[in-house]
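Residue numbers (our numbering), protein chains in the order written: chain A, 122 to 670; chain B, 33 to 663. By construction, the Cβ of each residue, glycine as well, lies at the ideal position given by its N, Cα and C atoms.
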């Protein structure tokens, strides 16, 4: 039906306009996305009409409410069976509403709620000219260090636009893993990427670094989008359609009718393979896999830390969701082609991330390389090509996002005169001065390292188990070696915090407001619950592991 | 009634917990609490005993299943108890003698500021020892086995400010580890052979298993018994263990813990019955140790070390009897119980003497003490008569039966074992008479110490003499009560199997010979120590005497073979570790670190190089995808 719809659009384009059928939109199934987009639009309006003084409260309230409502909608859909028995395609074939989509949307929304709380934190920096300040620039457009900036700071401006921007990004992320045709995929990618580029640029401190990071991210993101788009074009040339289901049918040889306009290219496997490789590259860029990872450390370091946490968690969830759908729905017939390639990518990603992390001296860059290594572990689960592979990746993503957001939230607390003290040497002896904060960070690090009783262990175990059962035993061996290498630098930070003498001019630990406290507490709670009693969530992930086609 | 079994252990365990965690506020009443809880355990034991006597002989075993400790597929570990006649005997011995020694310690440890802790450890020991004898499976027994080892360690090193005590505790612990490894291997073998380690199934199916396996299990159990019961070759710790307070020596290193090895072998009778080779080794170990300990006992001038040698020797008798099979098990246990009475009494007497002599232990500085300590003299004397086997006293009945059983083993073995046990009896009479004469008879030989304090020997307080008197009753009458009319045999028979042994010469002849060698031993000692004054400085002595003073060179042997050998082995392993293992490990680490440093340089901050990397990556991706299809 879907192929037919697209086909009709093409063949009837020359006929009178009144023959175009009105699109059928399933508002219920799309509710989560619509709520978030609606809130984002409202947020823009608020920027225009709400007085400056009231904007912060209005934006925070609106964002949290919208995300909570969207999450409620996701839960409602899942409870209504849309993840299992009533799973289907919505919006004229553009969006799939099924188990993985709902699970990932729920994960993205929960992670976003706790991330938004760190966006809203205003107690870490001392008040500037009597105005409370957050992590974002007073006026992002002002030249760093210029008079205009000073005036903005003095006036107590804040960039409250970050909230609607984040909401737009979240909306894009919600669509990304649910996209059921290549054009929707691309649009979702851009919808969530563009606001992220902006968000990276608006740090209050070290503004030049922040802007540099944003420009790099933007340039490389545009570069990768171009590859992705070219891949989409090639795949269209191969299948005569951008719909996932149709492409899959063509790959399987189920469709024999040839679009006359594409008679020269349809069914040409070279197009398929090159198109697939380009598409894959676009997604691997987003998940931060080697060798498309080079933006990650620079961007993670330069972006405002709350944005880094949000990006590291939510982008990864969305991108892995899209990758899973692409590999499991569109290209199951190509498994024998993509598996060896992905093997290679997974191995260099795991080892590359873990090895380079060893010599990092900045905590944010360290976490960036750690996220690269984790992308590799996730790829091992993706490669399993089994239902348990899907569910293990879903579980891992949920576990990983909370650890990541929590860890970056802790990073925002450790400060000295220049803002956040991210150089590792400054973290020496933190455990003596602030045992609680150091202990919490140690929990996150142990979870990253995959030590039992933390969610990191449950997730890694599930992923490696799925990979081993899926015939990727060698990959598991590499994964375990990479984990051993990675454990070194995680534990090194713990040793540094607890067993080194504190420095005289060391950083102080800021006392956060309830917002960041909630974020960190949620991170610890999820880490421990998923580590101690993962079974319920593993079951949930495994119920949600069937893609609709 | 069977629900009371856990309480037997629970009472002293509670005492240990309260006393050790309670802190200083219990300092004033702690010893009373500890004693009370040991007594409670004894009363419960008596109640269970009365209940048991009311039942038919074959129906006396009681079981209590407390909970499943590790219930997993194919591996069942239970906290469950079994109280049969054998366990009952031990329960009464442990709690009875234990309570008396608690009472004695109230006086003995009066001036020690850590007395509360001492009673906490004593309670811990009683609880662990009860767990050992009440367990219904080998794993739980192992738990108790380690528990008494811990308590023994803590109590030997109780005066840890003395380096000798700290070293002795460490030595006891280390030597016992060797034996414990034997027990753990035996339990593992049982599990792989029988799929369980509960007494019931293991012992019932022992007969149907290959003899090789059973011999291996038996030898490992024997190794364990050697460690705990100070038998050759793991005997070296017992002499040093006398560094602990004397009540500890009496309770743990004479009456109860050191007999755990005998318990283990008798409990595992079915395994040994089906493994004659292991049994033979058991008798050899027993025979060697009984002579070894006796010879060491002859040469020691330290009263406690002389008694320690004697303990080793007497346990040698028990192990030998246990190795004889069904003709010996009952008598091993019987001697164990009578020995528990008279040896505890002797140690308490020695403690009383030391108490009156400013903690002097050298018998050459005693002499003529009978006038100063009449009660101690009387009770010690009765213990002395009992241990040398004076007709009518406890030791006579139990030891005579073992000698008979040794002859009844039959063949050359029987003759050799019989001769050894008779020789041992003679030496026992000799060294015990020596102790007696040097301590209580002759002229006084004590002198002022370096501070000018002259000891003023005096009788000990009531809290110490009363336990000694009660134990003296046991030393006198226990043997007769057990032996006459085969009461003890009939009591234990349902548990341990019993066959009446028939010595090749008449029982009367054996008894006569026993009495005769005893008289010879006493006579020799009298000639040497009674007729002549005892020199205050020990004479140089013969080669054998000098060797015996050094515990027959046991420590020299251990040092030469194990310490030196072990040091060399360790050194070479350390060398391998440093050069080879560390080389590989550090090399890997350095390699990864170096690689990391190089790869890091790729991240140079220029967008153009990042873009090149992505471009190259994509090219490789496409090439690889196409290649996969081409292949």
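Between which two residues does the alpha helix (DSSP H) holding residue 371/A run? Residue 371/A: member of the alpha helix (DSSP H) spanning 365-373, first to last residue.
For residue 57/B, count neighbouring C-beta atoms within 10 Å of its own C-beta (all shown protein chains included) and say buried if the count is 16 or more, exposed if not. Exposed, by the Cβ-count rule.
Short check: CB of residue 221/A to CB of residue 666/A, under 8 Å? yes
Considering only the beta carbon of each residue, do residue 96/B and residue 34/B sit closer than 8 Å? yes
CB of residue 399/B within 8 Å of CB of residue 566/B, strictly: yes
Quick check: what's the CA-CA separation for residue 85/B versus residue 521/B? 15 Å
Looking at the unbroken alpha helix (DSSP H) that takes in residue 477/B, where does it start and where does it end? First-last for residue 477/B: undefined, no H or E at that position.
Looking at chain B, is there any beta carbon in it that lies within less than 8 Å of the beta carbon of residue 298/A? no
Can you find a C-beta in chain B that's less than 8 Å from the C-beta of residue 480/A? It does; some Cβ of chain B falls within 8 Å.
According to DSSP, simplified to helix, strand and coil, what is residue 267/B? coil
Closest by CA to residue 403/A, which one among 660/B, 266/B, 661/B, 649/B? 649/B
Measure the alpha-carbon distance for residue 591/A versus residue 582/A and round it to whole angstroms. 14 Å
Per DSSP, what are the beta-bridge partners of residue 94/B in this structure? 115/B
My output table needs one value for residue 237/B: the three-state DSSP class, helix, strand or coil. coil
What number of angstroms, rounded off, separates the C-alpha of residue 670/A from the C-alpha of residue 370/A? Answer to the nearest angstrom: the Cα atoms are 10 Å apart.
Give the straight-line distance between the Cα atoms of residue 456/B and residue 61/B, rounded to the nearest whole angstrom. 45 Å
What does DSSP give as the partner residues of residue 544/A in its beta bridges? 483/A
Identify every residue that forms a DSSP beta bridge with residue 131/B. Answer is none; residue 131/B lacks a bridge partner.
Cutoff 8 Å: residue 453/A Cβ touching any chain B Cβ: No, its Cβ sits nowhere closer than 8 Å to a Cβ of chain B.
So, does the stretch 410-417 of chain A touch the stretch 625-637 of chain A, judging by three or more C-beta pairs under 8 Å? no
Measuring only between beta-carbons, confirm whether residue 635/B sits less than 8 Å from chain A. yes
For the candidate residues 80/B, 396/B, 100/B, 363/B, whose alpha-carbon lies nearest to that of residue 124/B? Here the closest residue by C-alpha is 80/B.
Please tell me whether residue 376/B and residue 363/B are closer than 8 Å, where the distance is taken between their beta carbons. Taking 8 Å as the Cβ cut-off, residue 376/B and residue 363/B do not qualify as a contacting pair.
How many angstroms separate the CA atom of residue 432/B from the CA atom of residue 464/B? C-alpha separation (whole angstroms): 17 Å.
Do we get a CB-CB distance below 8 Å when we pair residue 345/A with the residues of chain B? yes
Label residue 220/B either buried or exposed according to how many other C-beta atoms from any shown protein chain fall within 10 Å of its C-beta, with 16 as the threshold for buried. By the neighbour-count rule (16 or more Cβ atoms within 10 Å), residue 220/B is not buried but exposed.
Ignore the nearest five residues each way along the sequence and tell me which others in residue 489/B's own chain have a CB closer than 7 Å to its CB. Non-local C-beta neighbours of residue 489/B in its own chain, meaning closer than 7 Å and more than five positions away in sequence, comprise 388, 389, 401, 404, 405, ordered along the chain.
Kindly give me the distance between the Cβ atoms of residue 420/B and residue 461/B, rounded to whole angstroms, as I take these residues to be in contact under 8 Å. 4 Å
Determine whether the beta carbon atoms of residue 559/A and residue 419/A lie at a separation below 8 Å. Contact check for residue 559/A against residue 419/A fails: the beta carbons are separated by 8 Å or more.
Throw me the rounded Cβ distance for the residue 417/A and residue 345/A pair, which I believe falls under 8 Å. Not confirmed; about 12 Å, so no contact.
The stretch 550-557 of chain B touching the stretch 445-455 of chain B, judged by at least three CB pairs closer than 8 Å: no
For chain A, find out if any of its Cβ atoms is closer than 8 Å to the Cβ of residue 654/B; answer yes or no. yes
Under the DSSP definition of a beta bridge, which residues are partnered with residue 252/A? 249/A
Residues of the stretch 334-360 of chain A whose Cβ lies closer than 9 Å to any Cβ of chain B, in chain order: 336, 337, 340, 341, 344, 345, 348
Own chain residues within Cβ distance below 7 Å of residue 333/B, not counting five before or after: 394, 395, 396, 570
Among 66/B, 107/B, 170/B, whose alpha-carbon lies nearest the alpha-carbon of residue 135/B? 66/B
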